[in-house]
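J.:
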Amino acid sequence: MPQDSPLGDEKVDWKTQIYEVLKEFDVKHMAYVPDAGHSTAIKTFEADRDVTSVVLTTEEEGIPYLAGVSLAGQRGVLLMQSSGVGNCINMLSLQNNARFPLLMVVTMRGEWAEFNQWQIPMGQATEAALNLMGVLTWRAEKPEDVADLLRGAATMAFEGDQACAILLSQQLIGQKVWSK
Amino acid sequence: MANSLLKRRDVVAELLKDRRDMMVVTGLGSPTYDVMAAGDNDRNYYLWGAMGGAAMVGLGLAIARPDEEVLVVTGDGEMLMAMGAFATISVQRPKNLTIAILEMAITAKRLCSGVMLVMALSWTRSLRV
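Protein chains in written order, with the numbering used here: chain D, 548 to 727; chain V, 5 to 133.
1) What's the call for D/R622, buried or exposed, on a 16-neighbour Cβ count within 10 Å?
2) Using a threshold of 9 Å, state whether the C-beta atoms of V/A104 and V/G57 are closer than that.
3) By the DSSP assignment, the alpha helix (DSSP H) with D/V632 in it spans what residues?
4) Mind listing the chain V neighbours of D/A701? Cutoff is C-beta to C-beta under 7 Å, in chain order.
5) What do you reckon, are the CB atoms on D/L618 and V/A89 nearer than 9 Å?
6) Between D/A701 and the rest of its own chain, which residues show a CB-CB distance below 6 Å, the 5 nearest in sequence each way excluded?
7) Are the CB atoms of D/Y566 and D/T591 within a distance shorter than 9 Å?
8) Decide yes or no for the touch test of the segment 73-80 of chain V against the segment 19-30 of chain V: beta carbon pairs closer than 8 Å, at least 3 of them.
9) State the start and end residues of the unbroken alpha helix (DSSP H) segment that holds D/V598.
10) Buried or exposed for D/R656, going by 16 or more other Cβ atoms inside 10 Å?
11) Can you list the residues of chain D that V/R12 reaches, using a CB-CB cut of under 7 Å?
12) Whose CA, out of D/D692, D/V616, D/C635, lies closest to the CA of V/R55?
13) Determine, using beta carbons only, whether V/V39 comes closer than 9 Å to chain D.
14) In terms of residues, what are the limits of the beta strand (DSSP E) holding D/A578?
15) Would you mind telling me which residues of chain V sit closer than 8 Å to D/S640, beta carbon to beta carbon, in chain order?
16) To test your reading of the DSSP string, which unbroken alpha helix (DSSP H) runs of 4 or more residues are found completely within the segment 25-78 of chain V?
17) Which residues in chain D sit within 8 Å of V/A89, going by Cβ to Cβ distance?
18) So, does the CB of V/I67 fall closer than 9 Å to a CB anywhere in chain D?
19) Within its chain, find whatever has a CB closer than 6 Å to the CB of D/I589; leave out the 5 residues flanking it on each side and keep chain order.
20) Going straight from the alpha carbon of V/R12 to that of V/D38, what length do you get?
21) At the level of alpha carbons, what is the spacing between V/G31 and D/D556?
22) In the DSSP output, what is D/G584 paired with across the bridge?
23) If we define contact as Cβ-Cβ less than 9 Å, is D/V601 a contact residue for chain V?
24) What number of angstroms, rounded off, separates the C-alpha of D/W659 from the C-alpha of D/L679?
25) From D/A675 to D/M669, what does the alpha carbon distance come to, in whole angstroms?
26) Can you list, in chain order, the residues of its chain whose CB lies under 7 Å from that of D/I667, leaving out five sequence neighbours each side?
27) For D/W558, which of D/Q709, D/D692, D/G631, D/L697 has the nearest alpha-carbon?
28) Closest Cβ-Cβ distance between D/H585 and chain V: below 9 Å?
29) Along the chain, where does the beta strand (DSSP E) that runs through V/L20 open and close?
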């Protein structure tokens, strides 16, 4: 696939790069709700003995978990699907008041080639909902975009004390990942 | 039975009396006031919103600082909003995290005047009040 394809450079291993970039930033905690789109990062982090992987019952728990981590002087990341963003809304007031660093990586559903209509309402509202709560967002559409956008978001989260989210577009993740 | 109600302020003050270097996270509302009233401390972290977040702030602190004791003091309503956090915490099994839940007695005659029960969940010790 040539680089100027609308789908971007498919040779770029963005799934592994997510882990590598987060390690560059000394991320020591990975909180997540199991998700197929994040499976590479989740498996890699879980195999990393220097990182605490925390499986959550709801994405909302990840916000206060990372607040506690930050109070202890460490860094973490929250991995979730777009549907989980809706579960976090009021809890984002914690970051908004305390201004601890918050970095989220969100796999998108309900925006392209979505077979499940129940994913569409939250998928369509994800970025606006985050922005309404003061979270800065960047959309990664092509494989070669991911590492750079994540590096930028991590810098603004960990050095600028902002709430930052990278949205991994459904087209980037690929329709084939989702099976009925 | 009304006379047997404990006073929330007294219970929390007693709970924190010998805290030494323990870090304390409070759930929004009355527990935050109670912990503050027992004496402000640089190692207190007060929540005054983000309902349902107290236990998970405690978990993050406890995992990131495994050599220190962490106590979460919160109310029954705050904890009920995050019952799933118990499942999350039980997977991690931190040895240094204790969660104390104040059950508020709310009646027409006696609004929030007492504590009916302090329930403590701990992997290291049990707390008695």
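Even for Gly, the Cβ is constructed at its ideal location relative to N, Cα and C.
T.: Walking through what the data contain:
1) buried
2) no
3) 629-632
4) Simply none; closest approach about 18 Å.
5) no
6) F572, L650
7) yes
8) yes
9) First-last for D/V598: undefined, no H or E at that position.
10) buried
11) Neighbours of V/R12 on chain D: none; closest Cβ ~23 Å, over 7 Å.
12) The sequence shown places Met at residue 55 of chain V, not Arg. Of the candidates D/D692, D/V616, D/C635, the one whose C-alpha sits nearest the C-alpha of V/M55 is D/C635.
13) no
14) 574-579
15) G53, A54
16) 34-41, 58-68
17) T604, E608
18) yes
19) Y579
20) 7 Å
21) 48 Å
22) In DSSP, D/G584 forms no bridge with anything.
23) yes
24) 23 Å
25) 10 Å
26) G657, E661
27) The displayed chain sequence assigns Lys, not Trp, to residue 558 of chain D. The shortest C-alpha separation from D/K558 is found at D/D692.
28) no
29) Note, V/L20: premise wrong, no beta strand (DSSP E); not H, not E.
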